[in-house]
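K.L.:
Protein chains in written order, with the working numbering: chain A, 44 to 264; chain B, 44 to 264.
Protein chains: 2
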Amino acid sequence: MWHLYQHTLCPFSRKVRFLAAEKGVTVELVRELPWERRDGFIELNPAGQTPVLSDGTLVLIDSVAICEYLEETVERTSLLGSGAAERAEQRRLIAWFDQKFYSEAVVPLLSERMFKRVVARAAPDAGVLRAAGRAVEGHLDYFDYLLERRRWLSGPAFGMADIAAAAHISVADYLGGIDWDGHDSTRQWYSALKSRPTFRPMLGEKMEGLPPPPHYDKLDF
Amino acid sequence: MWHLYQHTLCPFSRKVRFLAAEKGVTVELVRELPWERRDGFIELNPAGQTPVLSDGTLVLIDSVAICEYLEETVERTSLLGSGAAERAEQRRLIAWFDQKFYSEAVVPLLSERMFKRVVARAAPDAGVLRAAGRAVEGHLDYFDYLLERRRWLSGPAFGMADIAAAAHISVADYLGGIDWDGHDSTRQWYSALKSRPTFRPMLGEKMEGLPPPPHYDKLDF
Ligand SMILES: N[C@@H](CCC(=O)N[C@@H](CS)C(=O)NCC(=O)O)C(=O)O
Ligand SMILES: N[C@@H](CCC(=O)N[C@@H](CS)C(=O)NCC(=O)O)C(=O)O
Numbered sequence: 044m045w046h047l048y049q050h051t052l053c054p055f056s057r058k059v060r061f062l063a064a065e066k067g068v069t070v071e072l073v074r075e076l077p078w079e080r081r082d083g084f085i086e087l088n089p090a091g092q093t094p095v096l097s098d099g100t101l102v103l104i105d106s107v108a109i110c111e112y113l114e115e116t117v118e119r120t121s122l123l124g125s126g127a128a129e130r131a132e133q134r135r136l137i138a139w140f141d142q143k144f145y146s147e148a149v150v151p152l153l154s155e156r157m158f159k160r161v162v163a164r165a166a167p168d169a170g171v172l173r174a175a176g177r178a179v180e181g182h183l184d185y186f187d188y189l190l191e192r193r194r195w196l197s198g199p200a201f202g203m204a205d206i207a208a209a210a211h212i213s214v215a216d217y218l219g220g221i222d223w224d225g226h227d228s229t230r231q232w233y234s235a236l237k238s239r240p241t242f243r244p245m246l247g248e249k250m251e252g253l254p255p256p257p258h259y260d261k262l263d264f
Numbered sequence: 044m045w046h047l048y049q050h051t052l053c054p055f056s057r058k059v060r061f062l063a064a065e066k067g068v069t070v071e072l073v074r075e076l077p078w079e080r081r082d083g084f085i086e087l088n089p090a091g092q093t094p095v096l097s098d099g100t101l102v103l104i105d106s107v108a109i110c111e112y113l114e115e116t117v118e119r120t121s122l123l124g125s126g127a128a129e130r131a132e133q134r135r136l137i138a139w140f141d142q143k144f145y146s147e148a149v150v151p152l153l154s155e156r157m158f159k160r161v162v163a164r165a166a167p168d169a170g171v172l173r174a175a176g177r178a179v180e181g182h183l184d185y186f187d188y189l190l191e192r193r194r195w196l197s198g199p200a201f202g203m204a205d206i207a208a209a210a211h212i213s214v215a216d217y218l219g220g221i222d223w224d225g226h227d228s229t230r231q232w233y234s235a236l237k238s239r240p241t242f243r244p245m246l247g248e249k250m251e252g253l254p255p256p257p258h259y260d261k262l263d264f
């Protein structure tokens with residue numbers, strides 16, 4: 044049995060959960076808050092980060108390594124595509140979300156709206172939130188551009204780039220960081236993702252003391 | 044013919060160059076300084092980051108996507124290993140260097156010692172450099188721990204994790220950020236890497252106005 048050490052607002056954990064569900068792999072969730080730096084968790088992953096996937100013997104660390112592992116070992120529709128060039132485009136976009144969108148949009152939202160509220164009990168910094176808002180706007184323009192030319196983010200087929208994108212965007216959206224106005228292409232694509240039974244259940248979860256905005260789990264938003 | 048857009052102190056570019064050399068793939072280097080945000084480069088890569096590998100038709104972006112592409116398409120000894128678990132361990136360590144070592148050690152060194160000197164013409168911040176030094180020390184302790192148990196970073200075989208590590212460590216070392224004292228296991232491993240003909244040539248390159256420390260390209264350091 045796979046155990047996934049994660050928490051509900053960790054976008055990398057959401058990516059693994061969404062992908063595992065698409066692959067038909069059942070994972071048991073273990074709630075882990077990385078900022079608590081629990082000894083047993085640091086022993087498991089010296090980087091101290093979620094997600095970690097383990098079956099008790101094998102310990103898989105880093106969401107990209109975990110997703111590639113599931114892609115390699117679970118026989119089901121490929122989520123990376125069939126040609127090397129296709130896979131390179133999926134991986135380019137996964138890195139875009141895991142690094143660029145995460146650091147410019149998700150990290151400031153998590154630190155100002157989640158960490159300061161739930162852990163540090165301090166007020167959010169309005170300047171940081173404004174900068175994150177501008178970053179989100181630039182990213183959404185780019186996703187619109189791609190989705191006006193492609194059915195899914197990396198091409199004609201649904202794949203790991205869409206999964207990574209949904210993971211990061213849903214966390215930003217939970218934290219009130221996405222203004223959907225004027226981004227119809229991305230909105231339409233995200234609405235299709237929201238209705239997937241492999242992703243929808245996650246949108247029902249809440250972090251205590253931090254409710255999402257009302258539109259967050261709606262298919263029509 | 045492959046063209047690689049890169050600059051000599053970009054660790055992600057060094058990773059691709061080292062790997063391409065191991066795979067026997069010739070790449071023509073194009074010097075690109077990402078902070079100049081050249082229009083033609085942003086058109087090529089909307090993320091504005093080096094490295095980019097292109098043959099004029101295909102445009103490969105992101106060092107992980109590029110390395111996986113070369114691993115998939117070039118028939119030569121595998122640099123990721125043969126089993127899925129082995130590959131997961133390589134990828135975990137690649138992410139460790141690309142994200143953790145890069146952000147905690149290489150970014151502050153690049154910004155204080157390279158960017159401020161060559162571009163901004165300002166004095167480095169001693170506090171930032173001290174914090175980077177402490178981070179490097181912690182990382183080297185972990186690499187020693189691994190290398191006391193393993194021939195190479197991720198196991199018995201040389202692979203992509205060693206390549207990623209050499210790329211990031213060599214940039215930090217160029218910038219005077221590595222104190223090798225007391226880290227014999229990592230030093231011995233790095234000396235073996237330095238003598239590889241696929242890596243050694245890079246150690247002869249210099250960034251103008253920013254000489255490396257004397258030990259930088261020595262096998263005995
Ligand atoms: N490269 C890792 C990044 C994971 C990551 O940054 N996780 C965050 C939670 S969303 C974390 O654990 N942060 C705590 C820390 O970095 O100390 C992955 O893809 O899994
Ligand atoms: N995920 C990318 C990261 C590349 C990266 O951060 N490159 C740096 C140079 S070492 C860069 O272009 N920075 C400029 C920027 O981020 O705007 C990769 O692995 O290739």
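Ideal placement from N, C-alpha and C gives every residue a C-beta, glycine not left out.
Going by CA-CA distance only, name the one from A:L172, A:A208, A:H46, A:G202 that's closest to A:F186.
P.N.:
Working through the first sequence from its first residue, we reach residue 186 of chain A at position 143. The candidate whose alpha carbon is nearest that of A:F186 is A:A208.
K.L.:
Out of B:L189, B:V161, B:P54, which has the shortest C-alpha to C-alpha gap to B:S228?
P.N.:
The residue you call residue 228 of chain B lines up with position 185 of the second sequence. Nearest of B:L189, B:V161, B:P54 to B:S228, Cα basis: B:L189.
K.L.:
Can you check DSSP and say which residues form a bridge with B:L47?
P.N.:
To locate residue 47 of chain B, count along the second sequence from 1; it is residue 4. Per DSSP, B:L72, B:L96.
K.L.:
In this structure, how does DSSP classify A:L101 when only helix, strand and coil are distinguished?
P.N.:
Along the first sequence, one-based indexing puts residue 101 of chain A at 58. The answer is coil: DSSP assigns A:L101 none of H, G, I, E or B.
K.L.:
On a CA-only basis, which of A:F55, A:D263, A:P151, A:L113 is nearest A:G170? Give me that one, please.
P.N.:
Along the first sequence, read from residue 1 onward, the residue named residue 170 of chain A stands at position 127. Ranking A:F55, A:D263, A:P151, A:L113 by Cα distance to A:G170 puts A:P151 first.
K.L.:
Given a cut-off of 7 Å, decide if A:Q142 and A:S197 are closer than it, judged by their beta-carbon atoms.
P.N.:
For the purposes of this step, residue 197 of chain A is taken as the residue at position 154 of the first sequence. For the purposes of this step, residue 142 of chain A is taken as the residue at position 99 of the first sequence. No, the pair does not count as a contact, with Cβ atoms beyond the cut-off.
K.L.:
Pull up the CB-CB distance for A:L122 and A:L183, whole angstroms please, since I reckon it's below 8 Å.
P.N.:
The count along the first sequence starts at 1 and reaches residue 122 of chain A at position 79. The count along the first sequence starts at 1 and reaches residue 183 of chain A at position 140. Not confirmed; about 24 Å, so no contact.
K.L.:
Using 8 Å as the threshold, is the stretch 150-168 of chain A in touch with the stretch 228-246 of chain A, meaning 3 or more CB pairs across them?
P.N.:
Touching, no.
K.L.:
Tell me which residue opens and which closes the alpha helix (DSSP H) that A:D205 is part of.
P.N.:
Residue mapping note: residue 205 of chain A aligns to position 162 of the first sequence, counting from 1. Looking at the DSSP string, the run of the alpha helix (DSSP H) that includes A:D205 is 203-217.
K.L.:
I need the residues with a C-beta less than 5 Å from some heavy atom of ligand 2; please give them in chain order.
P.N.:
Working through the chain, the matches are A:A138, B:C53, B:F55, B:P77, B:G91, B:Q92, B:T93, B:D105, B:S106.
K.L.:
How is the alpha helix (DSSP H) around B:H258 delimited, first residue to last?
P.N.:
Here residue 258 of chain B refers to the residue found at position 215 of the second sequence. From DSSP, B:H258 is part of no alpha helix (DSSP H); its letter is neither H nor E.
K.L.:
Note down, in chain order, every chain A residue with its Cβ under 7 Å from the Cβ of B:A127.
P.N.:
Numbered from 1 along the second sequence, position 84 holds the residue referred to as residue 127 of chain B. Those are Y112, E115, T116, listed as they occur along chain A.
K.L.:
B:Y259 to B:D216, Cα distance in whole Å?
P.N.:
For the purposes of this step, residue 259 of chain B is taken as residue 216 along the second sequence, with counting starting at 1. For the purposes of this step, residue 216 of chain B is taken as residue 173 along the second sequence, with counting starting at 1. Going from the Cα of B:Y259 to the Cα of B:D216 covers about 6 Å.
K.L.:
Is the beta carbon of A:P94 closer than 7 Å to that of A:Q49?
P.N.:
If you number the first sequence from 1, residue 49 of chain A lands on position 6. If you number the first sequence from 1, residue 94 of chain A lands on position 51. Result yes, Cβ atoms of A:Q49 and A:P94 sit closer than 7 Å.
K.L.:
For B:L101, would you say it is in contact with chain A, using Cβ-to-Cβ distances shorter than 7 Å as the test?
P.N.:
Sequence index remark: in the second sequence, residue 101 of chain B carries index 58 (1-based). For B:L101, the answer is yes, since a Cβ of chain A falls inside 7 Å of its Cβ.
K.L.:
Any Cβ of chain B within less than 7 Å of the Cβ of A:A204?
P.N.:
By one-based count along the first sequence, residue 204 of chain A stands at place 161. Cβ-Cβ to chain B under 7 Å: no for A:A204.
K.L.:
What number of angstroms, rounded off, separates the C-alpha of A:P254 from the C-alpha of B:L113?
P.N.:
Translated into the one-based positions of the first sequence, residue 254 of chain A becomes position 211. Translated into the one-based positions of the second sequence, residue 113 of chain B becomes position 70. Straight-line Cα distance between these residues: approximately 45 Å.
K.L.:
Look at the alpha carbon of B:T100 and the alpha carbon of B:L218, and state the distance between them as a whole number of angstroms.
P.N.:
Along the second sequence, one-based indexing puts residue 100 of chain B at 57. Along the second sequence, one-based indexing puts residue 218 of chain B at 175. One C-alpha to the other measures close to 36 Å.
K.L.:
Which residues in the same chain as A:L103 place their Cβ atom closer than 6 Å to its Cβ, once the five residues preceding and following it in sequence are excluded?
P.N.:
Counted from its first residue, the first sequence places residue 103 of chain A at position 60. Hits under 6 Å: L96, I109, Y112.
K.L.:
Check this for me: beta carbons of A:A178 and A:E147, under 7 Å apart or not?
P.N.:
One-based indexing of the first sequence puts residue 178 of chain A at position 135. One-based indexing of the first sequence puts residue 147 of chain A at position 104. Their beta carbons are under 7 Å apart, which means A:A178 touches A:E147 by this criterion.
K.L.:
For A:D168, is the classification buried or exposed, using 16 other Cβ atoms within 10 angstroms of its Cβ as the cut-off for buried?
P.N.:
Working through the first sequence from its first residue, we reach residue 168 of chain A at position 125. Flag for A:D168 reads exposed.
K.L.:
If we ignore side chains and look at the alpha-carbon of each, how far apart do A:R160 and A:L153 end up?
P.N.:
Residue numbering aside, residue 160 of chain A sits at position 117 when the first sequence is read from its first letter. Residue numbering aside, residue 153 of chain A sits at position 110 when the first sequence is read from its first letter. Cα-Cα distance, rounded: 10 Å.
K.L.:
At the 7 Å Cβ level, is A:K143 part of the contact set with chain B, yes or no?
P.N.:
Locating residue 143 of chain A in the first sequence gives position 100, counting from the first residue. Chain B contact via Cβ: present.
K.L.:
Run the CB neighbour count on B:L262, radius 10 Å, all protein chains shown included, and call it buried at 16 or more, exposed below.
P.N.:
One-based indexing of the second sequence puts residue 262 of chain B at position 219. Answer is exposed; the Cβ neighbour count stays below 16.
K.L.:
Name the DSSP bridge partner or partners of A:M157?
P.N.:
Counting from one through the first sequence, the residue named residue 157 of chain A turns up at place 114. A:M157 pairs with nothing; no bridge assigned.
K.L.:
So does the stretch 241-252 of chain B actually touch the stretch 61-75 of chain B, counting three or more Cβ pairs closer than 8 Å?
P.N.:
Touching, yes, given that three or more Cβ pairs across the two stretches are closer than 8 Å.
K.L.:
Are any of the Cβ atoms in chain A nearer than 7 Å to that of B:A163?
P.N.:
Your numbering for residue 163 of chain B matches position 120 in the second sequence. By this cut-off, B:A163 is not an interface position.
K.L.:
Note down, in chain order, each residue of its chain lying with its Cβ closer than 7 Å to the Cβ of A:W223, except the 5 sequence neighbours on either side.
P.N.:
Here residue 223 of chain A refers to the residue found at position 180 when the first sequence is read from its first residue. If we look at A:W223 and ignore the five residues flanking it on each side, its Cβ neighbours are R230, F264.
K.L.:
Taking 8 Å as the limit between beta carbons, can you name the residues of its chain near A:D98, skipping five residues before and five after?
P.N.:
By 1-based counting over the first sequence, the position of residue 98 of chain A is 55. If we look at A:D98 and ignore the five residues flanking it on each side, its Cβ neighbours are M44, W45, H46.
K.L.:
Closer than 7 Å by beta-carbon distance: list the chain A residues that pair up with B:D105, in chain order.
P.N.:
If you number the second sequence from 1, residue 105 of chain B lands on position 62. Within chain A, the residues near B:D105 are R134, R135, A138.
K.L.:
Note down the Cα distance separating A:H226 from A:V107, rounded to an integer number of angstroms.
P.N.:
One-based indexing of the first sequence puts residue 226 of chain A at position 183. One-based indexing of the first sequence puts residue 107 of chain A at position 64. Their backbone Cα atoms lie some 28 Å apart in a straight line.
K.L.:
Assign B:G124 to buried or exposed, taking buried as 16 or more other Cβ atoms, counted over all protein chains shown, within 10 Å of its Cβ.
P.N.:
Along the second sequence, read from residue 1 onward, the residue named residue 124 of chain B stands at position 81. Looking at its Cβ environment, which holds 16 or more other Cβ atoms inside 10 Å, B:G124 is buried.
K.L.:
According to DSSP, is B:W223 part of a helix, a strand, or is it coil?
P.N.:
Position 180 of the second sequence holds residue 223 of chain B. Coil.
K.L.:
How about A:P54 and A:A210: are their beta carbons less than 7 Å apart?
P.N.:
As a first step, residue 54 of chain A must be located in the first sequence, where it is residue number 11. As a first step, residue 210 of chain A must be located in the first sequence, where it is residue number 167. Cβ atoms of A:P54 and A:A210: closer than 7 Å.
K.L.:
What does A:R130 reach in chain B if we use C-beta pairs closer than 9 Å?
P.N.:
Your numbering for residue 130 of chain A matches position 87 in the first sequence. Near A:R130 (Cβ distances below 9 Å), the residues of chain B are A108, E111, Y112, E115.
K.L.:
Among all the DSSP beta bridges, which residues are the ones paired with B:G126?
P.N.:
Translated into positions along the second sequence, residue 126 of chain B becomes position 83. Its beta-bridge partners do not exist; DSSP assigns none.
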